[in-house]
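Participant: For reference, the structure I am asking about is given below.
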């Protein structure tokens with residue numbers, strides 16, 4: 111369930127508030143610092159949040175009693191994504207580095223002898239190596 115409330119940005123997000131307050135001549139009324147805030151519920155699916163954040167820059171989160179319980183920002187979502195994705199990115203980077211070292215130190219026939227001796231994987235070049243291949247070597 112989405113609803114709208116108003117949130118004053120002064121002191122909350124200085125950069126956003128400053129941009130909202132500075133008009134063409136560096137002055138603007140206080141009302142320019144107030145923006146319409148959109149809310150999402152705890153019950154909303156997380157997959158629906160990124161497009162809303164892209165559109166509104168922040169979202170208020172309402173709990174089961176419909177009270178505001180938190181705020182989601184683009185920065186918070188990016189930090190959470192980074193923390194979640196980091197191990198997978200590191201594994202991918204290690205895999206690329208390991209492939210580079212193996213292909214530099216061993217020729218393809220040695221790799222096939224070590225990683226695919228029965229020929230089931232049908233390795234024909236270093237490009238066909240997957241993470242499973244580098245784990246077997």
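Residue numbers (this note's numbering): 111 to 247.
We put the beta carbon where it would ideally sit given N, CA and C, even for glycine.
When the Cα of residue 163 is compared with those of 175, 173, 231, 187, which residue comes out closest?
Facilitator: 187
Participant: Just to confirm, are residue 182 and residue 199 a CB contact at a threshold of 7 Å?
Facilitator: no
Participant: Taking buried to mean at least 16 other C-beta atoms within 10 Å of its own C-beta, is residue 211 buried or exposed?
Facilitator: exposed
Participant: Answer with buried or exposed for residue 209, where buried requires no fewer than 16 other C-beta atoms within 10 angstroms of its C-beta.
Facilitator: buried
Participant: Could you name the residues that DSSP lists as bridge partners for residue 232?
Facilitator: In DSSP, residue 232 forms no bridge with anything.
Participant: Between 160, 196, 152, 197, which has its C-alpha nearest residue 176's C-alpha?
Facilitator: 152
Participant: Please name the residue, chosen from 214, 223, 171, 213, that lies closest to residue 156 on a Cα-to-Cα basis.
Facilitator: 171
Participant: Is it true that the CB of residue 222 sits closer than 7 Å to the CB of residue 204?
Facilitator: no
Participant: What are the start and end residues of the alpha helix (DSSP H) that includes residue 194?
Facilitator: Judged by DSSP secondary structure, residue 194 falls within the alpha helix (DSSP H) whose first and last residues are 184-215.
Participant: Assuming residue 251 is part of the alpha helix (DSSP H), what are its boundary residues?
Facilitator: Not covered by the structure: residue 251. The range shown for the chain is 111 to 247.
Participant: Give me, in chain order, the residues of the same chain whose beta-carbon lies closer than 7 Å to that of residue 228; leave out the 5 immediate sequence neighbours on both sides.
Facilitator: none
Participant: Using DSSP with H/G/I as helix, E/B as strand and the rest coil, what is residue 149?
Facilitator: strand
Participant: Buried or exposed: where does residue 193 fall if 16 or more other Cβ atoms within 10 Å of its Cβ makes it buried?
Facilitator: That one is exposed.
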